[in-house]
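Student:
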Amino acid sequence: MTLKIRTGWAPEHRNCVEIAQLAEDCGIQALTIHGRTRACLFNGEAEYDSIRAVKQKVSIPIIANGDITNPHKARAVLDYTGADALMIGRAAQGRPWIFREIQHYLDTGELLPPLPLAEVKRLLCTHVRELHDFYGQAKGYRIARKHVSWYLQEHAPDDQFRRTFNAIEDASEQLEALEAYFENFA
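In the working numbering, the protein residues as written are 249 to 434.
#1: Which of the three DSSP states, helix, strand or coil, is assigned to Ile311?
#2: Quick one: Cα of Ala333 to Cα of Asn414, how far?
#3: Once DSSP output is grouped into helix, strand and coil, what is the label at His375?
#4: DSSP beta-bridge partners for Met335?
#5: Report the three-state DSSP secondary structure of Thr250 (helix, strand or coil).
#6: Could you tell me whether the Cβ atoms of Thr280 and Ile311 are closer together than 8 Å?
#7: Using 10 angstroms around the beta-carbon of Asn313, count the other beta-carbons present and answer buried if the total reaches 16, otherwise exposed.
#8: Taking only three categories from DSSP, how would you classify Arg348?
#9: Would the segment 348–355 and the segment 377–396 be scored as touching if the rule is three or more Cβ pairs under 8 Å?
#10: As a quick exercise: from Arg348, Leu371 and Lys369, pick the residue whose alpha carbon is nearest that of Pro361.
#11: From Val306 to Phe433, what distance separates their C-alpha atoms?
#12: In terms of alpha-carbon separation, which member of Phe409, Glu431, Ile253 and Cys274 lies closest to Cys264?
#13: Report yes if the CB atom of Lys321 is closer than 8 Å to the CB atom of Asp327, and no otherwise.
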């Protein structure tokens, strides 16, 4: 069994070391720690001192989480905290290839080149089709909206396509709109 916690209830009340020791004593086999308190929500920057302190006090594997948005940050967090692994959250929204980028960098010390737009298109269209298939046409097109927005954040900075896409209420029309969108980049 594993457990995920934050560093505490609020910045002035960080209790993750005590919780980690209690969890280990109760048989938890690995612990993920998000580098913010509950009160912080997702505001500000994650802090890693608490994760480092936990790693020094327990013997179970520690998984660091919070603001790990690129390969350089992944390496820095692992080195600083001594964590055994990383958990990637919001940084993977619209960038599922981040895992490949991080693993490659950790293995080789080299960055992968940016993902070609044709590969972004392939991944995005496959993802949208699978959302439609899994959730059904009526629910799938609604869920696809947020995923398309995440994928296109860096490719559609003016937001016009995303606004247009979010008005589409048909799964097949969504796929047609994506095809047309990427044709404009060709």
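For each residue, glycine too, the CB sits at the ideal point set by N, CA and C.
Tutor: On the basis of the data shown:
#1: Residue numbering aside, residue 311 sits at position 63 when the sequence shown is read from its first letter. Look at Ile311 here: in three-state DSSP terms it is strand.
#2: Position 85 of the sequence shown, counted from the start, is the residue given in the question as residue 333. Position 166 of the sequence shown, counted from the start, is the residue given in the question as residue 414. Roughly 36 Å between the two C-alpha positions.
#3: What you label residue 375 is simply residue 127 of the sequence shown in a count that begins at 1. Looking at His375 - three-state DSSP - the assignment turns out to be helix.
#4: Taking the first residue of the sequence shown as 1, we reach residue 335 at position 87. In the DSSP output, where bridge partners are listed per residue, Met335 has Asn313.
#5: As a first step, residue 250 is located in the sequence shown; it is residue number 2 there, counting from the start. In the structure shown, Thr250 sits in a strand (DSSP, three-state: E or B).
#6: Walking along the sequence shown from the start, residue 280 turns up at place 32. Walking along the sequence shown from the start, residue 311 turns up at place 63. Between Thr280 and Ile311, the gap from beta carbon to beta carbon is short of 8 Å.
#7: Here residue 313 refers to the residue found at position 65 when the sequence shown is read from its first residue. Looking at its Cβ environment, which holds 16 or more other Cβ atoms inside 10 Å, Asn313 is buried.
#8: Walking along the sequence shown from the start, residue 348 turns up at place 100. Helix, per DSSP.
#9: By the Cβ rule, the segment 348–355 does not count as touching the segment 377–396, because fewer than three pairs are nearer than 8 Å.
#10: Your numbering for residue 361 matches position 113 in the sequence shown. Distances from the alpha-carbon of Pro361 to those of Arg348, Leu371 and Lys369 put Arg348 closest.
#11: Locating residue 306 in the sequence shown gives position 58, counting from the first residue. Locating residue 433 in the sequence shown gives position 185, counting from the first residue. Between the C-alpha atoms of Val306 and Phe433 there is a straight-line separation of about 51 Å.
#12: Counting from one through the sequence shown, the residue named residue 264 turns up at place 16. Cα-wise, what sits closest to Cys264 is Ile253.
#13: In the sequence shown, counting from the first residue as 1, residue 321 sits at position 73. In the sequence shown, counting from the first residue as 1, residue 327 sits at position 79. The Cβ atoms of Lys321 and Asp327 lie no closer than 8 Å to each other.
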